[in-house]
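The next block holds one structure in the form of C-alpha cells; read it before the comments.
In this note's numbering, the protein residues as written are 27 to 343.
Given below as C-alpha cells:
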C-alpha cells in the first residue's frame with residue numbers, strides 16, 4: 027500500500043434548482059504497471075470518512091452551507107456502472123431564490139452567483155474544493171412560436187435555450203449542448219389501445235447558427251422509425267404530442283469535452299477543476315417545452331410518406 031497512495035476523485039453534476047443532489051467521492055491509485063492491480067486492496071474505491079459540503083456564494087461572501095449525507099446506491103438507480111457504490115446526497119432544494127422576474131423567457135435571476143463544493147477526506151486529512159456558476163434559468167425558445175412543429179418551408183422549427191451567467195459561447199464549436207425528445211403516441215389494436223412513448227437525446231445536429239437546433243423530418247422521423255417497434259397486431263398509431271428538453275452545462279464541462287478524447291492518448295494530465303484531487307464539478311440548466319404538435323404538412327409526411335408508412339401513423343381524427 028505504501029507505493030500505491032490514493033488520490034480522491036470527485037464527480038458532481040448539479041442542476042442548482044433540482045430538489046435532489048448527488049456527489050460521488052472515491053479513490054484513484056497511481057500504479058506503474060498492470061501487474062500492480064494485484065496488490066490493491068479489495069475495498070480500494072471507497073474512503074471511510076468523508077465530509078461533503080456545498081456553499082452558496084454571492085461575490086466574495088458565503089451566504090449558506092449545506093451538508094450532504096452518505097448513502098448507498100445501486101447500479102439501476104445511479105449513473106455509474108458499479109453494483110453498489112457510495113454517494114453523498116442532499117434530499118431538499120438548495121436555498122437559492124430567483125429575483126428580478128422580467129418575464130419573457132427568463133425565469134428570474136439567482137440570488138447566488140456560484141456554488142463551492144468542498145470535500146474533506148478524513149482518511150487522508152485532505153480537503154479539496156471546486157466552484158461552478160449558478161446559471162440563470164430560462165424557458166426554451168421555439169421559433170416559429172406557439173406549440174406547433176414545422177419541418178418544412180422557409181422557416182422550419184428551431185429550438186434554443188437562451189444564455190445567462192457563465193454559459194459557454196454557443197458560437198464556439200466546442201460548446202456542448204444536449205437536446206432530448208419524448209414522443210407520446212397511441213397504439214390501436216383490433217380490440218384495444220395502449221399509450222406509448224419513446225425518447226432519445228443527442229448532442230449533434232446543431233445548425234449553421236450553432237446556438238439553434240433545427241428540426242427536420244430526418245432528425246425527428248428517422249429516430250422515431252428506429253425506436254418504434256414494428257408489430258403485426260398494431261392496426262394504426264396516432265401521434266399525441268412531442269416534448270423537447272435542452273440541457274446546457276457551464277463552461278467547465280465544454281472545456282472537458284474539448285480535450286477528453288485528446289488527453290486519453292497523450293501525456294496530458296487528466297482534466298480536473300479540483301485542487302488537491304481529480305474530478306469534475308459543473309452545473310447545468312434545463313429548459314423544457316411540452317405538448318408540442320406537428321403542423322398538418324409535417325403530420326401528412328409522417329402518415330403518407332413511403333419512408334415512414336411502416337410506422338402505421340394515421341392523421342388525427
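Using N, Cα and C, we set each Cβ at its ideal position, and we do this for glycine too.
1) With distances taken Cα to Cα, identify the nearest neighbour of residue 133 among 187, 243, 341 and 92.
2) Please name the residue in 166, 159, 334 and 270 whose C-alpha comes closest to that of residue 39.
3) Cβ of residue 46 within 8 angstroms of Cβ of residue 115?
4) Pull up the CB-CB distance for residue 41 and residue 311, whole angstroms please, since I reckon it's below 8 angstroms.
5) Only counting the same chain, and skipping five residues up and downstream in sequence, which positions put a Cβ closer than 7 angstroms to that of residue 165?
6) Output the distance between the C-alpha atoms of residue 89 and residue 138, rounded to the nearest integer angstrom.
7) Indicate the three-state DSSP secondary structure (helix, strand or coil) for residue 310 in the structure shown.
8) Here's a check: name, in chain order, each residue in its chain whose Cβ is nearer than 6 angstroms to the Cβ of residue 79, leaving out the five neighbours to either side.
9) Could you please give me the residues that DSSP links to residue 166 through a beta bridge?
10) Give the DSSP bridge partners of residue 221, in chain order.
11) Report all residues from its chain with a CB closer than 8 angstroms to the CB of residue 98; omit the five preceding and five following residues, and keep chain order.
12) Based on Cα-Cα distance, which residue from 339, 247 and 157 lies nearest to residue 208?
13) Identify, in the order they occur along the chain, each residue of the same chain with its Cβ nearer than 6 angstroms to the Cβ of residue 148, setting aside the five sequence neighbours on each side.
14) If you draw a straight line from the alpha carbon of residue 175 to that of residue 329, how long is it in whole angstroms?
15) In angstroms with no decimal places, state the Cα-to-Cα distance between residue 199 and residue 205.
16) Could you name the residues of the same chain whose beta carbon sits closer than 7 angstroms to that of residue 124, not counting the 5 residues immediately before and after it, in chain order?
With the structure as the only source:
1) Among 187, 243, 341 and 92, the Cα nearest to that of residue 133 is on 187.
2) Of the residues 166, 159, 334 and 270, the one whose Cα lies closest to the Cα of residue 39 is 159.
3) Taking a C-beta distance under 8 angstroms as the contact criterion, residue 46 and residue 115 qualify as a contact pair.
4) Between residue 41 and residue 311 a beta carbon distance of about 7 angstroms is seen, short of the 8 angstroms cut, so the two are scored as contacting.
5) Counting only Cβ-Cβ distances below 7 angstroms, and skipping sequence neighbours, we find 131, 133 and 313.
6) In this structure, the alpha-carbon of residue 89 lies about 8 angstroms from that of residue 138.
7) Strand.
8) Result list for residue 79: 91, 93 and 144, in chain order.
9) BP columns for residue 166 are empty, so no partner.
10) Bridge partners of residue 221: 212.
11) Around residue 98: 110, 111, 112 and 113.
12) Of 339, 247 and 157, the residue nearest in Cα terms is 247.
13) Hits under 6 angstroms: 75.
14) Straight across, the Cα-Cα distance linking residue 175 with residue 329 is about 15 angstroms.
15) With a pLDDT of 48 at residue 199, under the threshold of 50, the modelled position of this residue cannot be trusted; read the value that follows with caution. If I take the Cα positions, the gap works out to 16 angstroms.
16) Within the same chain, residue 124 has close Cβ partners 133, 134, 135 and 136.
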